[in-house]
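Following: one structure in C-alpha cells, then a few remarks.
Next comes the structure, spelled out in C-alpha cells:
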C-alpha cells in the first residue's frame, strides 16, 4: 500500500535490493511502471480506457485516475466497467439534454468520451438489437457517499428522455406523463428513505431496484420499484452527528403557519428524534416533495393524513417515562411529556388513554386468558420506539405500493426492461450493528455476482471453449459469504436460531457460541480482551467490527399485538387502511417475531440476484476520492483501497486480454448469416449459411463467415482482425471492435435489402396506381355516356310533354277565340268607360261576392262555375290579348284588381296572330321560367300557365 501511494519514489528504492529470479521480474515491472509514469506524465489524463495503460498495475491505474480527476474528467472506462469519481459539486453541463442527445445519436459508443450515458445507451441498444439476454441490469456499486444515488437518478432521466424523444406523435403525451411520474418517484423515495450520515449527506437507508418497462418499440411505458431493508431503526435512534430521514427536516423547516398549527409543531419546538436540525443540506426541499406527490396523484387529503402521521411520530419521541417505585404498578408518563403524548394521540387520531395504556402495560396470553403486566421503564421506551418504527415502515411500504400502482404498466403491454440497482454502499462506522451487517452482506452478494459473472465465469469459459488463456488472479469473497449465509452453520443461521428461542438474549453467550461454531473460518475473529462483546468480519472492502448487544432483538423485530390493535382503531383513514388491509395479512396468530429480519432480507436479496442472473449486467463502480466529501481532493490511500476492494485492476487485465462478447454459433449465424448470403463472392453466394441442428454444421457456417470477414483488402489488417475474434467449441468470442465491424457490415446489407424492398414496393405501388387510374378512366367514361344518354332521354320526354301541352293549349285557345264574339253578343253589358276603352283594358263585372276566375294564359277570362256570368267588353283585340296574357288575378274581398306582370315574368310581348295562333316574344329562354315539377300554389304565372292548367 505504501509503495503504491508513494509512486515512483518507492519504485526507485526497490531497485537497490539483492536481485533474484523473482526480484528481477519485479524490478523489470517497476522499471516499466517508472518509464510509463515519466514518459507519459503529461498524457495520463488522455487515457479514456484503462486497458490502454501499459503496464496495468494499481500504481499506474491510480495515477491515471488522479490525472483525469485533476482536469475535471470524472468517468473512465476500465474494460467492461465504468469508473465514476465523485466530484462532490454540481456539474450541470455534464448531464444536459444536449449531452444526452449526443450520446444517444453516436454511431460508435467508443467515440465519445467516457460517460454514464455510454453505459445507459449500450444497454438500450442491446434491447433494441434483441441480443439475448435482452433484459438489462445496470449495477451501481461503491461506498456510501460515492455517488450511487446521483448516478441512478441520471440513468433514469436519460432513459425517460430517450424514450420520449423516440416516441411517435400519438404516444408523446403518454410517454411524457409516464416518464414524469417515474422521475417524480425519486424525490419521494429519497425524502422518506434517505438520511444524512457521517459519510454522505444523502445516504440511501434502503435498497431499490427500478425496472424501466419498455414496449416493442422500446418506448418507456411504465416502471416498477422494489425496495430492500429500510433502516427503520433510524426513526427512533440516530447515531452521533447523523440525522433522521429527510422528510422530517423538510416538514420542520418549510412548514407554513397553518401547517405548524395543524401538526402541533410551533416554531423552535424541540424534538428528541430530530437531531442536528440546524444543519441545512440540499435535500431539505419540501416543495419538491409536495410537487412530486401531486404529479403522482396523491391528493391533498392523503397528504394531510401522511404528514399528520409523521408529526405524530415526532411527538411520540418526546414522550418520556418515569421509574415506578412499585414494580406491580406501571410507569408514569413524565409531567413534561404528557403534552407530547396528547399531541401524538391527537395527530394519530387514537385515544390518549388507550395510547398511554398500550405503552406502559403489555398483554400476555396464558391459554385463553389475557394477563396485563406493567412494563419497566426500558420496556416502555422499547414499546414506544416499536410503535414509531412499525408505523413509519408501513407508511413507507404504502408509498412504494402507491407509486407502483401509479407508474407500473400492465404485463401484457411491456416486453423488455432495463433495471437500475441502487443499494446502500459498504459501511463501516464506529459502532456497527445488524443494519450494517445486512448492508455489507448485500454488497458482498453484489461483489460475488461481479466475480461470478465476469472474473471467474468468463475465464473458466475461455478454457472450456479451447482458448489459450492464462488465469488472472482475483480476490474471491466466497469464503466471506459462506461465513455469513453458509450451511449448515453461519452467522445468520445462529442469529435466527437465537431469535426464535423464547428467552432473553445474552450478548456474551452469543459471542461464545459464534466463536465455538465458526472457529474454522478465516474471515471472522474476536478480541477476547474487549469488554463489549463483538466480532470482526473480513469483508472484501475491509474489516468491520460488529456489536453483538441488541443484535438479536433487532433480528426478532417484535411487534406486540396490542400495538397493531391500537393503530387499527385509528380515525386516520390512511393509518387505519394500512394496518387493516396489509399488516393483518402478514401477522399470524404467533405474531411477527417468527419472521426474522435476516431471513426476510435474505429471501428478498435472493430474488434480486435471480433477476440479475437472468439479465445482461452493466457495472459502474463509483469511487469516493476522499472521506470528507470535499470537491477535487484526491486521497490516494482511500482510492487505492476502493480499487483493490472492487477488483478494478483484475477487471482491466481480463478485459484487455479477453473477449467480452460471447455469442452461440446458432445465434451468430442467424444474426450475421446475411453477410454470407449477400456477399459479392460467387462461391459464398452459391453456398448460403444454413442453420442446422448439428454443431458441426453450425461450426462450418461460422468458419465460412469468419473467413469472409478476414478477406480484408489491406494485408496488414487481416492479422489484426484475427486477433479480435476467436471461434470456440460452441460460441464465437468477440471484442467490442469486432462486434462493431460486424454490426456495421450487417447494417449496410440490411440497408441494401431495405432499399431493394422499397424499390419493389414503389414499383408495385406505381403499377397498382396506374391500373387504378386506367380503371377509373374506363368507369368515368361509362358513367359519362350513361349520364348523357339519360339526359337526352329526359330532354326527349320533356320535349314531348311540352309539345303535347302546347298542342292541347292551342286547340283550346282556338276554340275559345272562335267563341268570344258569341259570348260578347249574348249579354247586354254596360258601355265601357271611355278611359278604359281608350287603354284597351278588360273590365270585369262587379259582384258582391268574390268569384274564382280561371285564367287561360293567352286569351280569355272565363267564369269557373257555369252559373255565374262574366261580362267582358274589349276593343283593340290585339292589345287586349297582350295584356290578358300577362295578368295576375289575386282574389280580394269585394273587388278584383288587374295588374300586369310582364316584366317580372320575363315576357316581352304577346300578340295574337291570324287564324288563332299566338306569338310570344320572351327576354330569355322560356325554360328558365318553367318549373318542371310545380307545387300546388295559389298563384301560377308566366310560362307555367302555358304548360299546365292551374287555378289562380
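Numbering (this note's numbering), first residue to last: 5 to 956.
Just so you know, even glycine gets a beta-carbon here, dropped at the ideal spot from N, CA and C.
Because the structure is a prediction, the values reported are computed rather than measured.
What residue ranges within the segment 630 to 680 form continuous alpha helix (DSSP H) runs of no fewer than 4 residues, ordered along the chain?
640 to 650, 652 to 661
Could you have a look at residue 268 and say whether DSSP puts it in helix, strand or coil?
coil
Is the beta carbon of residue 337 closer than 8 angstroms to that of residue 323?
yes
Looking only at its chain, what residues have a beta carbon closer than 7 angstroms to the beta carbon of residue 301, apart from the 5 residues adjacent to it on each side?
410
Taking the beta strand (DSSP E) that residue 621 belongs to, which residues open and close that run?
620 to 627
In three-state DSSP terms, what is residue 211?
strand
Which residues mark the beginning and the end of the beta strand (DSSP E) in which residue 730 is found?
729 to 731
Whole angstroms is fine: what's the gap from residue 571's alpha carbon to residue 363's?
13 angstroms
Do you know whose CA, among 647, 610, 206, lies nearest residue 54's CA?
647
Own chain residues within Cβ distance below 7 angstroms of residue 603, not counting five before or after
500
Test item: CB-CB of residue 551 and residue 538 under 8 angstroms
yes
Please report the distance separating the alpha-carbon of residue 80 from that of residue 144.
15 angstroms
Please determine if the segment 223 to 233 and the segment 634 to 653 are in contact, where contact requires at least 3 C-beta pairs separated by less than 8 angstroms.
no
Between which two residues does the beta strand (DSSP E) carrying residue 49 extend?
Neither: residue 49 is in no beta strand (DSSP E) and is coded neither H nor E.
Near residue 388, what residues of its chain come up, given a Cβ to Cβ distance below 7 angstroms and the 5 sequence neighbours on each side ignored?
320, 323, 363
Check whether the Cβ atoms of residue 125 and residue 108 lie closer than 8 angstroms to each other.
yes
Could you give the distance in angstroms between the alpha-carbon of residue 581 and the alpha-carbon of residue 398?
11 angstroms
Quick one: using the 10 Å Cβ neighbour count with 16 as the cut-off for buried, is residue 226 buried or exposed?
buried
Helix, strand or coil at residue 846 [DSSP, three-state]
In this prediction, residue 846 has a pLDDT of 40, which is less than 50 and means its spatial position is unreliable; what the coordinates show is noted afterwards. DSSP places residue 846 in coil when its eight states are reduced to three.
Return the chain-ordered ranges of every alpha helix (DSSP H) run that is complete within the segment 383 to 439 and spans a minimum of 4 residues.
none
Tell me whether the beta-carbon of residue 187 lies closer than 8 angstroms to the beta-carbon of residue 161.
yes
Boundaries (first-last residue) of the alpha helix (DSSP H) holding residue 108
101 to 108
Measuring alpha carbon to alpha carbon, tell me which residue in 94, 122, 730 is nearest residue 87.
122
Closest residue to residue 562 among 601, 527, 534, 773 (Cα-Cα distance)
601
Can you tell me which residues form a DSSP beta bridge with residue 366?
377
Expressed to the nearest angstrom, what Euclidean distance is found between the alpha-carbon atoms of residue 761 and residue 221?
22 angstroms
Tell whether a beta-carbon distance below 8 angstroms holds between residue 656 and residue 60.
yes
Out of 331, 735, 296, point me to the one whose CA is closest to residue 470's CA.
735
Within 10 angstroms of the Cβ of residue 523, are there 16 or more other Cβ atoms? Answer buried if so, exposed if not.
exposed
Does DSSP classify residue 332 as helix, strand or coil?
coil
Do the CB positions of residue 453 and residue 616 come within less than 8 angstroms of each other?
yes
For residue 715, count the other beta carbons within 10 Å of its own beta carbon; 16 or more makes it buried, fewer makes it exposed. Which is it?
exposed
Measuring only the C-alpha atoms, how far is residue 809 from residue 789?
30 angstroms
Please state if the CB of residue 712 and the CB of residue 680 are separated by a distance shorter than 8 angstroms.
yes
Backbone CA spacing between residue 384 and residue 85 [nearest angstrom]:
51 angstroms
Below 8 angstroms on the Cβ atoms is my guess for residue 631 versus residue 641; work out the distance and round it to an integer in Å.
Actually they do not touch by this definition, with Cβ atoms about 10 angstroms apart.
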